[in-house]
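Here the structure is laid out as structure tokens; the discussion comes afterwards.
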Amino acid sequence: MSYQIELRHLKYFQVLSNELNFRKASEKLFISQPGLSRQIKQMEEIYNVTLFNRNKKKVELSEAGLYLKKEVDFIFNHLNNIKEQLENINQGRQAELRIGFLGSAAEKIIPECVVKLNQVYPDIRTLLQEMPNKLQLKLVEESQLDIGFVRLQNIPEGISKHLIHQDTFSLVLPKNHPIQNIDNDTFKSLYKEPFIFFSSDDNPHYFDLIMSICEDHGFRPKVFHKSINALTIYKLVEEGLGLAILPTSLQYGYNLNVKFLELKYITQKTDLYMIWKESNRSPILKNVIHWLIQKSDLD
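Using the numbering used here, you'd call the opening residue of the sequence shown number 205 and step up by one each time.
Have a look at this one:
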């Protein structure tokens, strides 16, 4: 008997690949364990591959299974996008653009872009989500975000990027800190101070860039605290737990007892990139990307 792959096979596979447990997966799918096993066996026979490695202790995805999981996740994400777009059309709603961004772009860059975008494309509804670099990249790759604004240098194949904004760095200190102005010699005197950095897990290149600023002044900083959240860093600086080096644009929008001293004399800058998936089939994305690139090139 010959079989054909149907959407239900892919849904069964997706749930089992997430659970890696036949009992839990069958309960979620409201079918029996033997029934689920038969469906997976059918898939393996049709594709002529082993999708799961099974023994008495655990269930694991095979190499073929790992590949298929990425493709199946993409298929169901795309089907969900189609459903949302059809609902928008049916209910007369505007097209939706999903945008991720960093906190450092939230006060000036993103609001300006959205206001001007709304003037040019009034029918587009924007869904804005603040999130870290790596999560944005992941969601763009999975077609769950249309556009991301990140500070990442290394972008994988299939993802495009365009430089949107270049920012200087500033030294961030408690408001009552005796240093009022910053220059090369003053910065060198900070070698004994504790520092607070953004976590290297989210952006190793950015972490190394901050390290290089201190190293260019003749010392390797003592990093006592790390965070992926700017507000947390501000709070730690405010409490006197260390100094920070942050993009100058991050000084806007917060009312805390910290001060920014711009490091105008250093060569290091931080770049904000717009990223998008080349194969994203959103009907509005191409025009919006073209407009944003033109706008950034003129600014």
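Heads up, the beta-carbon is just placed ideally off N, CA and C, and yes, glycines get one too. Because the structure is a prediction, the values reported are computed rather than measured.
In this structure, how does DSSP classify I170 when only helix, strand and coil are distinguished?
There is simply no residue 170 to check, as the chain begins at 205 and stops at 503 in what is shown.
Out of S308, E311, N285, which has the shortest C-alpha to C-alpha gap to A299?
A check of alpha carbon separations from A299 across S308, E311, N285 identifies N285 as the nearest.
Go to K392, then tell me how far its alpha helix (DSSP H) extends in each direction, as first and last residue.
According to the DSSP assignment, K392 belongs to the alpha helix (DSSP H) that extends over 388-392.
Can the beta-carbon of S500 be found closer than 8 Å to that of I368?
Contact flag set, yes.
Using the Cα positions of D405 and F411, report the straight-line distance between them to the nearest angstrom.
Those two C-alpha atoms are separated by around 9 Å.
How close, in whole Å, do the beta carbons of N407 and N337 come, if the pair is a contact with beta carbons under 8 Å?
Taking a contact as a CB-CB distance under 8 Å, the pair N407 and N337 counts as one, their CB atoms being some 5 Å apart.
Could you pull out every residue in the same chain whose Cβ sits closer than 6 Å to the Cβ of A448, ignoring the five residues on either side in sequence?
If we look at A448 and ignore the five residues flanking it on each side, its Cβ neighbours are V376, I400, I437, V441.
With DSSP as the reference, label G296 as helix, strand or coil.
With a pLDDT of 47 at G296, under the threshold of 50, the predicted position of this residue should be treated as unreliable, though the coordinate-derived value follows. Secondary structure of G296 (DSSP, three-state): coil.
Would you call the segment 355-362 in contact with the segment 423-432, where contact means no fewer than 3 C-beta pairs closer than 8 Å?
At 8 Å Cβ cutoff, the stretches do not touch.
Within 10 Å of its beta-carbon, does S416 have 16 or more other beta-carbons around it, so buried, or fewer, so exposed?
With fewer than 16 Cβ atoms within 10 Å of its Cβ, S416 is classed as exposed.
Other residues of its chain near L224: CB distance less than 6 Å, five sequence neighbours each side excluded
For L224, the CB contacts under 6 Å within the same chain, skipping 5 residues up- and downstream, are V263 in chain order.
Here's the rule I'm using: 16 or more other beta-carbon atoms within 10 Å means buried, otherwise exposed. How should K481 be labelled?
So K481 ends up on the buried side.
Going by the CB atoms, is the gap between I313 and L476 shorter than 8 Å?
With a cutoff of 8 Å on beta-carbon distance, L476 and I313 are scored as near each other.
Closest to L214 by C-alpha separation, out of Y251, K228, V319, P238, would be which residue?
The shortest Cα separation from L214 among Y251, K228, V319, P238 belongs to Y251.
So if DSSP puts I149 in a beta bridge, which residue, or which two residues, is it bridged to?
With the chain covering only 205 through 503, there is no way to say anything about residue 149.
Mind the definition here: the segment 488-500 touches the segment 301-317 only if three or more C-beta pairs lie below 8 Å; say whether that holds.
Touching, yes.
Is V324 a contact residue of the ligand SAH, with contact defined as CB to any heavy atom under 7 Å?
The model depicted lacks the ligand SAH and carries no ligand whatsoever.
Report back the beta-carbon spacing between F373 and L450 to the nearest angstrom; my notes put them in contact at under 8 Å.
Yes, F373 and L450 are in contact; Cβ-Cβ is about 7 Å, under 8 Å.
Along the chain, where does the beta strand (DSSP E) containing F256 start, and where does it finish?
From DSSP, the beta strand (DSSP E) with F256 extends over 256-258.
Give every residue of the same chain whose Cβ lies closer than 6 Å to the Cβ of Y395, excluding the five residues on either side of it in the sequence, and list them in chain order.
Listed in chain order, the non-local C-beta contacts of Y395 below 6 Å within the same chain comprise F423, local neighbours out to five positions each way being set aside.
Using 8 Å as the threshold, is the segment 339-347 in touch with the segment 455-471, meaning 3 or more CB pairs across them?
Contact fails between the segment 339-347 and the segment 455-471, because fewer than three Cβ pairs, one in each stretch, are under 8 Å apart.
Under a three-way DSSP split, which group does F423 fall into?
Coil.
Pull up the DSSP beta-bridge partners for R329, would you.
For R329, the pairing in a beta bridge is given by DSSP as E300.
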